[in-house]
Amino acid sequence: MIPRWQRISERLHSEGRFVHTHWDGNSRLILPFLRETHLDGVEALTPAPMGNITLEQIKEAVGDKMVVLDLLPAIDFLPHRPLRDLLEFARRVIDMFAPRLILGISDEISQVGQIEKVEAISKLVDEVCGLAE
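Note that the working numbering has the sequence shown beginning at 493, numbered continuously upward.
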């Protein structure tokens with residue numbers, strides 16, 4: 493797969509485009525090869541407890557060059573999961589990955605996910621980063 497991503501990256505970069513990939517689920521075994529792909533970013537990496545990787549492993553893999561999309565585990569939006577834990581985790585994600593971060597849910601919020609938690613994350617982002625005008 494790495495040669496394929498390298499070819500795609502080279503072709504799109506030659507046209508002035510950016511390219512990222514979508515790696516959700518258990519990505520621990522392929523994560524160390526991420527930078528070799530020459531991609532600009534990665535979407536939907538799924539931290540524990542949903543996936544099998546830590547934020548520290550993700551940060552080591554992406555370094556300071558790649559953009560990371562998502563990183564908030566979808567299960568944290570379920571009713572039985574504490575909002576406080578989600579907000580603490582989100583703040584940690586922001587502190588570790590901003591400004592090369594597009595914060596979102598890895599991978600999708602479920603039908604029973606609490607929209608109030610999405611609103612709380614929006615408020616946190618506004619407090620920490622400010623909303624775009």
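Built from N, CA and C at the ideal position, the CB exists for glycine as well.
- Message: For His512 and Asp532, what's the separation of their Cα atoms in angstroms?
- Response: Here residue 512 corresponds to residue number 20 of the sequence shown, with the count starting at 1. Here residue 532 corresponds to residue number 40 of the sequence shown, with the count starting at 1. CA-to-CA, the gap between His512 and Asp532 works out to about 5 Å.
- Would Thr529 be called buried (16 or more neighbouring beta carbons within 10 Å of its own) or exposed? The count along the sequence shown starts at 1 and reaches residue 529 at position 37. Result: buried.
- Message: Can you check which of these residues, Arg509, Lys557, Arg584, is closest to Leu564 by C-alpha distance?
- Response: Along the sequence shown, read from residue 1 onward, the residue named residue 564 stands at position 72. It is Arg584 whose Cα lies nearest to the Cα of Leu564.
- If you drop the 5 nearest sequence neighbours on each side, which residues of the same chain put their C-beta closer than 6 Å to that of Arg520? Position 28 of the sequence shown, counted from the first residue, corresponds to residue 520. Once the five neighbours on either side are set aside, the close Cβ partners of Arg520 are Asn544, Ile545.
- Query: On the premise that Ala590 lies in contact with Cys621, defined as a C-beta separation below 8 Å, what is that separation, rounded to the nearest angstrom?
  - Reply: Counting from one through the sequence shown, the residue named residue 621 turns up at place 129. Counting from one through the sequence shown, the residue named residue 590 turns up at place 98. Indeed they touch by this definition, with Cβ atoms about 7 Å apart.
- Is the distance from the Cβ of Ala536 to the Cβ of Asp568 below 7 Å? Looking up residue 536 in the sequence shown gives position 44. Looking up residue 568 in the sequence shown gives position 76. Cβ atoms of Ala536 and Asp568: not closer than 7 Å.
- Can you tell me whether DSSP reads Ser710 as helix, strand or coil? Nothing can be reported for residue 710: it is not among the residues displayed for the chain, which extend from 493 to 625.
- What are the residues that DSSP puts in a beta bridge with Thr513? In the sequence shown, residue 513 corresponds to position 21, counting from 1. According to DSSP, which records beta bridges pairwise, Thr513 is partnered with Val534.
- Work out the CA separation of Ser598 and Val617 for me, nearest whole Å. As a position in the sequence shown, residue 617 is number 125, starting the count at 1. As a position in the sequence shown, residue 598 is number 106, starting the count at 1. One C-alpha to the other measures close to 17 Å.
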